[in-house]
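Asks: I'd like to ask you about the structure that follows.
There are 2 protein chains.
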Amino acid sequence: MISWKNFDTLTSYQELKNIEAIDLAKEMSGDNGADRIRNYSVSMGEGLNFNYGARPVSEEILSALANLAKEAQLAEKFEALYNGAVINTGEKRLVLHHLTRGQLGSDVVAEGINKRAFYMEQQAKAKDFANKVHAGEITNAAGEKFTTVVQIGIGGSDLGPRAMYLALENWAKVNNTHKMRAEFISNVDPDDAAAVLSKIDVAHSIFVLVSKSGTTLETLTNESFVKDALAKAGLDASKHMVAVTSETSPLAKSDDYLAAFFMDDYIGGRYSSTSAVGGVVLSLAFGPEVFEAFLKGANTADELAKNANPLENAAMLDALIGVYERNILGYPSTAVLPYSQALSRFPAHLQQLDMESNGKSVNRDGEPVCYATGPVIFGEPGTNGQHSFYQLLHQGTDIVPLQFVGFKNSQMGEDVLIQGSTSQQKLCANVAAQIIAFACGKADENRNKNFEGGRPSSIIIGEQLTPESLGALLAHFENKVMFQGFVWNLNSFDQEGVQLGKVLAKRVLAHETDGALKVLSDLLNI
Amino acid sequence: MISWKNFDTLTSYQELKNIEAIDLAKEMSGDNGADRIRNYSVSMGEGLNFNYGARPVSEEILSALANLAKEAQLAEKFEALYNGAVINTGEKRLVLHHLTRGQLGSDVVAEGINKRAFYMEQQAKAKDFANKVHAGEITNAAGEKFTTVVQIGIGGSDLGPRAMYLALENWAKVNNTHKMRAEFISNVDPDDAAAVLSKIDVAHSIFVLVSKSGTTLETLTNESFVKDALAKAGLDASKHMVAVTSETSPLAKSDDYLAAFFMDDYIGGRYSSTSAVGGVVLSLAFGPEVFEAFLKGANTADELAKNANPLENAAMLDALIGVYERNILGYPSTAVLPYSQALSRFPAHLQQLDMESNGKSVNRDGEPVCYATGPVIFGEPGTNGQHSFYQLLHQGTDIVPLQFVGFKNSQMGEDVLIQGSTSQQKLCANVAAQIIAFACGKADENRNKNFEGGRPSSIIIGEQLTPESLGALLAHFENKVMFQGFVWNLNSFDQEGVQLGKVLAKRVLAHETDGALKVLSDLLNI
């Protein structure tokens, strides 16, 4: 029997509060530090390991976190989720994104439909469509092959698929599986669509319109923008556009599209990269086999996330330590720092994933909570960040926990040997050095050159960023956010906070405003 | 006589602490809210206005902030800075980036050189070089015109110039002044250089190597990477590379470069976009006249920043309100949210500018301070962010002050009319709506749909994002950060926090490690 309780009502919360925090700089020095890095590691599958040696935990704290996992019934709640419970309490919906990559439990049937079968059917449809485009069986009106795919979507229909595309673009090129160039239009700023259209060959482009509801203002506006451009080029838009939407949306059965691929209300936008939202564009760009490998990697991580023992479950452990850092140590933000240029937009995706899921002040029953929930998430790739905001991370007045990601091998394999080391070795040497610099610091008589240390981090180490490891990495963070939502007793799967702005924007456009909003609208010439 | 005192020793700090915080939601409602938006506005020049109606201030608080400005001698300190005082106490250096765009005070002579004349000379050299490249007087060995410029630099040699290039790329295209495509290589990750090289035509590319010291590991490594590629293509690297460096660096007089342009130790990397660091690449990309217009805009903002009255000095006022939010209200982070896709990387630049300048725990004399200094800075363009992390901003448990930027007109002028409004109007309607939604909130019996409000923001409103307004926008934030550094009594112009990581990374590469660092290095296969 699952019981949903606020975090601060749990015995393990009190237990955690009563444990003295560790002195991380001391713990991480000498042989003890070496042992921590050696032992505090969990396999994540697909060649990835989650190393938490430099996070602010001890055996005592880990034991209390394991108690918390048990008391908060994290494994049971995940089990309920993947077996089809109504976890999204606000919208009264199931939460089924895991089913896009595998069946974790029993069959989930909703509205008489087996949902795993439904998602697989959509995936097969996208595969078939992509194969036909690549084979030249689906072409433009002139019978020429499409070379470019442009995703039109915003939020979860943009950030995840864009980050995944960039993560695999160069890998696909060197592995001869880069089939089509992908571009993305998201912002309602007309310069966004205009700039993308100015640099592509529209006659050879397929546009993927992504909107679950079929009513997203930005996306429909950009669709019109693109249709205008196609018409001006003398092209029939319906031969250049496909839709990814829900079966009940106005886009689903429209003749305006070459094809339509479906998702449903049980997959939130920020969890939709493994659904048709990511599947169509990624299958077109890289071929369906690459997308399947990506799903396989995500499924590997999902299976590991079922383990009730947090010491064997990286996502659960990462979540628990994050809660400890947020609620016991009081750190208000977390940085995501991938040492991989291919992951340049991964932090922006995680920013949405995490902040939109757990940036809430009421619990899943709509009652206010009295503890801090989701932190601010930000990040940029290393080593770039080292020459930028790391100054504050090292010597600022606030402590920011860090989530590093690093790979032993580059994607493209081109490298140079300078001063006895390759670029890839320099990249890895830097991330190793940063972890120790943050944790241990370094005393200096000149206080300006003094490093206090005690700044916690973890690192996910992989062999190489591939479709499989990318899938596992993505699912790790999705599951981490889910577990944190369970601990905080939140509904991590709705986003009521985005509604008020939409309502007011409509009022501005209808010129139905007064007070400050009217003055602002006038200042902006609306 | 200037006296440098810690913030918490000032009378005005105590005064601020004793004033009751305002109820922003209440203040921003009805006619009072309309009056605030109408009246709380300062001209920033170049068509920009800083509107702080929705920031958490009252007449009483503004008066206390004016007292703080006076007591902390903000105007006098800025005057000392631009007249050549040693403001960078850690490195014992002058701080002269303002001189790259205009002479604000008396002549500054260092090492016998008039520094304004020196910077203008470098600018003229870049102008002449760019003009010759554009005219085909400087060509590749085959006598063909260069079409692409690639900046190789990291941190301040990358983020600012890259953000500025992206900000003006489409503006330049529609104004027929886009001369050369620009690309950027920054990360030591070998995939960064390999990916850029794979998509350009190296035979027609000029590479701008940017390193003040001439010793930046990432940059020299990427230079070798590029030289390798040029050699493989049968090209003479010295005919394809220019250097931007200090006169004393190993790069300054090398035959490896077609030309060398100089900066000096008085311009920090993060303040170098208006020096040759930004000047060479932007003059090549857009023509020197565009770069000059950008400098003019920055100078306009600098001149306005001299005003001792914060109510007439947007940068100073923005700084003071930010300090109030950080130290009195206790908000740990700030989001920068430009409603302009062209400013997609502007937040990443401000993140460096702010966090590297003021992420410090010791004052300018090297003594620890007992108050919070620079906040975490993050951001993405709107409306994209609305569909992402705004959930937390609206309904999360922490309050995050927001800095919006919006323009009445788009850059490219292409637009569509949908449901009675253009995309540009929708964009502007959204930013107006967000400001009011954040400030005023909206009560709802369903607590999950309830918005508390009371979340402060300001907006900089401009006519259009042009070289001039971009310059003013950049200088506004530079000067804001400077004034905050003065209030907090920090040295905002060094970055000792980046040193320890560099030292440890070298040790890893030399295999001179033990303890946790050795284990980590082994795990990463170094």
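Line order of the protein sequences matches chains A and B.
Just so you know, we're using the working numbering here: the first sequence kicks off at 571 and counts up by one.
Just so you know, we're using the working numbering here: the second sequence kicks off at 571 and counts up by one.
Ideal placement from N, C-alpha and C gives every residue a C-beta, glycine not left out.
1. With DSSP as the reference, label G976/A as helix, strand or coil.
2. Thinking C-beta only, is S1027/A closer than 9 Å to Q989/A?
3. Residue ranges of each beta strand (DSSP E) run of no fewer than 3 residues wholly in the stretch 658-725 of chain A, ordered along the chain?
4. According to the Cβ coordinates, are H919/A and L729/A closer than 9 Å?
5. Just curious, the alpha helix (DSSP H) that N1049/B is in, first and last residue?
6. Starting from the beta carbon of V758/A, find every residue of chain B whose beta carbon is closer than 8 Å, and list them in chain order.
7. Does A604/A have its Cβ less than 9 Å from a Cβ in chain B?
8. Give, in chain order, every residue of the stretch 931-949 of chain A whose Cβ lies closer than 7 Å to some Cβ of chain B.
9. Mind pulling the chain B residues with CB within less than 8 Å of I1031/A?
10. Is the beta carbon of A846/B closer than 9 Å to that of V814/B?
11. Along the stretch 713-736 of chain B, where does the CB come closer than 8 Å to a CB of chain A? Name the residues.
12. Whole angstroms are fine: how far does the CA of L767/A sit from the CA of K695/A?
13. Smallest Cα separation from M571/B: which of S781/B, E641/B, I631/B and A737/B?
14. Applying a beta-carbon distance threshold of less than 8 Å, which residues of chain B neighbour T791/A?
15. Can you give me the C-alpha to C-alpha distance between E859/B and L669/B, rounded to a whole angstrom?
16. Considering only residues of the same chain and omitting the five flanking positions on each side of L800/B, which have a CB-CB separation below 7 Å?
17. Quick check: is the beta carbon of K1012/B nearer than 9 Å to any beta carbon in chain A?
18. Determine, using beta carbons only, whether I1030/A and A878/A come nearer to each other than 9 Å.
19. Rounded to a whole number of angstroms, what is the C-alpha to C-alpha distance between S824/A and A871/A?
20. State the CB to CB distance for the pair P908/A and P951/A, rounded to an integer number of angstroms; the pair is presumed to be in contact (CB under 8 Å).
21. Which value, in whole angstroms, describes the spacing of the CA atoms of N653/B and E661/B?
22. Pick out whichever of K978/A, N954/A and F1008/A has its Cα sitting closest to the Cα of D968/A.
23. Using a Cβ-Cβ cut-off of less than 9 Å, give me the residues of the stretch 757-780 of chain B that come near chain A, in sequence order.
24. Just to make sure I have the definition right: I need the residues of chain B whose C-beta is within less than 7 Å of the C-beta of Q1098/A. Which are they?
25. Enumerate, from N- to C-terminal direction, the unbroken beta strand (DSSP E) stretches of 3 or more residues contained entirely within the stretch 958-1014 of chain B.
26. Quick check: is the beta carbon of A1075/B nearer than 9 Å to any beta carbon in chain A?
27. Output the distance between the C-alpha atoms of D593/A and V975/B, rounded to the nearest integer angstrom.
28. To the nearest angstrom, report how far apart E937/A and F577/A are at their CA atoms.
29. For R1025/A, go through chain B and note every residue whose CB falls closer than 8 Å to its CB, in chain order.
30. Hey, out of Y960/A, E1066/A, D835/A and V678/A, whose CA is closest to E1022/B's CA?
31. Exposed or buried, what is K685/B when buried is set at 16 or more other beta-carbons lying within 10 Å of its beta-carbon?
32. Under 9 Å, CB to CB, which of the residues in the stretch 956-967 of chain A have a partner in chain C?
33. Alpha carbon to alpha carbon, what distance is there between L963/B and C940/A?
34. Should L899/A go down as buried or exposed, given a rule of 16 or more other Cβ atoms within 10 Å for buried?
35. Should D1014/A be labelled buried (16 or more other beta-carbon atoms within 10 Å of its own) or exposed?
36. Could you compute how far the alpha carbon of E691/A sits from the alpha carbon of N1000/B?
Replies: Reading from the atomic positions:
1. strand
2. For Q989/A and S1027/A, no; Cβs fall outside 9 Å.
3. Counting only runs of 3 or more, we get 718-722.
4. yes
5. P1037 to W1058
6. T953, S993, K996, L997 and N1000
7. Proximity of A604/A to chain B, defined by a Cβ-Cβ separation below 9 Å, is satisfied.
8. S931, V932, G936, E937, P938, A942, T943, G944, V946 and F948
9. L1093 and L1094
10. Taking the C-beta atoms as reference points, A846/B is found nearer than 9 Å to V814/B.
11. I724, G725, G726, D728 and L729
12. 27 Å
13. E641/B
14. V986, I988, S993 and K996
15. One C-alpha to the other measures close to 18 Å.
16. V772, A807 and H810
17. Yes, because at least one Cβ of chain A sits closer than 9 Å to the Cβ of K1012/B.
18. no
19. 37 Å
20. 5 Å
21. 18 Å
22. F1008/A
23. N757, V758, D759, P760, D761, D762, A763, A764, A765, L767 and S768
24. With chain A running from 571 to 1096 in the structure shown, residue 1098/A is simply not present.
25. The stretch 958-1014 of chain B is shown to contain whole beta strand (DSSP E) runs of 3 or more residues at 972-977, in chain order.
26. At a cut-off of 9 Å between C-beta atoms, A1075/B counts as an interface residue with respect to chain A.
27. 42 Å
28. 13 Å
29. Going along chain B, no residue has its Cβ under 8 Å from R1025/A, so there is no contact; the nearest lies around 11 Å.
30. E1066/A
31. buried
32. Absent from the structure is chain C; the protein chains it does hold are A and B.
33. 17 Å
34. Flag for L899/A reads exposed.
35. Exposed, since its Cβ has fewer than 16 Cβ neighbours within 10 Å.
36. 38 Å
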